[in-house]
Amino acid sequence: MSIRLWPEHERPREKLLRSGAMVLSDAELLAIFLRTGVQGCSAVELARRLLGEFGGLRQLLEADQDEFTSHLGLGPAKFAQLQAVLEMGRRHLEATIKRESALESPQAVRDFLKARLRHEPHEVFACLFLDTRHRVLAFEPLFYGTIDGASVYPRQVVKRALAHNAAALILSHNHPSGVAEPSQADRMLTERLKEALALVDVRILDHFIVGDGEPLSMVEYGWM
């Protein structure tokens, strides 16, 4: 049955306008994005079918173009629209953390790093470069690796810190496995980078590891 024939309080768009997006299910949010269903299938029903086929909302959002467009109801235009929505979300998070000290908005930093790194299929090592007031100067992915590791060169990290005239850094990398627990190699790398950056008076404030859940802080873990 068409969504237009549903009781008004059950329609996804009206629910969002009345109570906010957080009350909607994954299928209802996706239905608003789809706007229309296909013959014999409402937008919500199509959304539920797609979530089942992809295995969940995250897998759908992270699908490449070929995988995305191979499903009923999804084409290149929808893929382009979705990528634009995701990038707007990332830029909004980046603007949020640039407004104030990164240390005063740790959740915003976590959200930004997760949005930037969680979808990567291979390990990526990146840095948030900060000024003397710990405001964000820039975010840069510096090294790309395999599904279980990336080679990181302290000299290049120091070079980029000097290029940005940074006073401090927040390190980050993702674990494509989804398990954010730090390894002994992560701890050793962090110590090497602390020593190298200390020579040019640049501090490392934290090292976040991005997995499926909340990014893990090595400071909070007690490893820094």
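At position 65 of the sequence shown the residue is numbered 65 (the UniProt record's numbering), and the sequence of numbers has no breaks. Idealized CB from N, CA, C, for every residue including glycine.
Shortest alpha-carbon distance to residue i belongs to which of the options?
{"i": "Arg-35", "options": "Leu-24, Ser-25, Ala-47 and Asp-26", "result": "Ala-47"}
{"i": "Leu-61", "options": "Gly-145, Asp-26, Arg-91 and Gly-37", "result": "Asp-26"}
{"i": "Lys-114", "options": "Gln-65, Leu-86, Arg-135 and Tyr-221", "result": "Leu-86"}
{"i": "Val-179", "options": "Ile-204, Gly-211, Gln-83 and Leu-205", "result": "Gly-211"}
{"i": "Tyr-222", "options": "Gln-184, Val-202 and Arg-203", "result": "Reading off the sequence shown, one finds Gly at residue 222, where the question assumed Tyr. Of the candidates Gln-184, Val-202 and Arg-203, the one whose C-alpha sits nearest the C-alpha of Gly-222 is Gln-184."}
{"i": "Ala-31", "options": "Arg-49, Arg-18 and Gly-40", "result": "Arg-49"}
{"i": "Glu-45", "options": "Asp-66, Asp-206 and Arg-11", "result": "Arg-11"}
{"i": "Glu-123", "options": "Asp-186, Phe-68 and Asp-64", "result": "Asp-186"}
{"i": "residue 228", "options": "Asp-111, Gly-89 and Phe-33", "result": "Past the boundaries of the shown model lies residue 228; the chain is included only from 1 to 224, so the question cannot be answered."}
{"i": "Arg-135", "options": "Val-157, Val-109 and Val-158", "result": "Val-109"}
{"i": "Lys-194", "options": "Leu-72, Pro-76, Met-224 and Gly-89", "result": "Met-224"}
{"i": "Ala-43", "options": "Pro-176, Gln-65, Leu-74 and Val-202", "result": "Leu-74"}
Whole-angstrom Cβ separation of residue i and residue j, contact assumed at under 8 Å?
{"i": "Cys-127", "j": "Arg-160", "result": "7 Å"}
{"i": "Leu-137", "j": "His-164", "result": "5 Å"}
{"i": "Leu-130", "j": "Ala-167", "result": "6 Å"}
{"i": "Leu-24", "j": "Leu-17", "result": "Wrong, their Cβ atoms sit about 11 Å apart, outside the cutoff."}
{"i": "Phe-139", "j": "Glu-94", "result": "7 Å"}
{"i": "Ile-204", "j": "Leu-171", "result": "6 Å"}
Rounding to the nearest angstrom, what Cα-Cα distance links residue i and residue j in this structure?
{"i": "Pro-182", "j": "Ile-209", "result": "7 Å"}
{"i": "Gly-55", "j": "Thr-132", "result": "44 Å"}
{"i": "residue 242", "j": "Glu-28", "result": "This structure gives no information on residue 242, because the portion of the chain shown stretches from 1 to 224."}
{"i": "Leu-189", "j": "Val-152", "result": "8 Å"}
{"i": "Leu-169", "j": "Val-38", "result": "49 Å"}
{"i": "Pro-106", "j": "Glu-14", "result": "33 Å"}
{"i": "Glu-191", "j": "Asp-206", "result": "11 Å"}
{"i": "Glu-67", "j": "Arg-58", "result": "14 Å"}
{"i": "Val-157", "j": "Ala-80", "result": "34 Å"}
{"i": "Ala-84", "j": "His-92", "result": "12 Å"}
{"i": "Thr-96", "j": "Met-88", "result": "12 Å"}
{"i": "Gly-52", "j": "His-71", "result": "11 Å"}
Where does residue i fall in DSSP's three states?
{"i": "Ala-126", "result": "strand"}
{"i": "Arg-90", "result": "helix"}
{"i": "Ser-217", "result": "strand"}
{"i": "Pro-141", "result": "strand"}
{"i": "Arg-203", "result": "strand"}
{"i": "His-9", "result": "helix"}
{"i": "Val-44", "result": "helix"}
{"i": "Ala-168", "result": "strand"}
{"i": "Val-38", "result": "strand"}
{"i": "Val-179", "result": "coil"}
{"i": "Val-152", "result": "coil"}
### Message
Measuring CB atoms only, is the segment 211-218 touching the segment 110-129, in the sense that at least three cross pairs come out at less than 8 Å?
### Response
yes
### Task
Inspect the CB distances between the segment 197-209 and the segment 85-101 and report whether three or more fall short of 8 Å.
no
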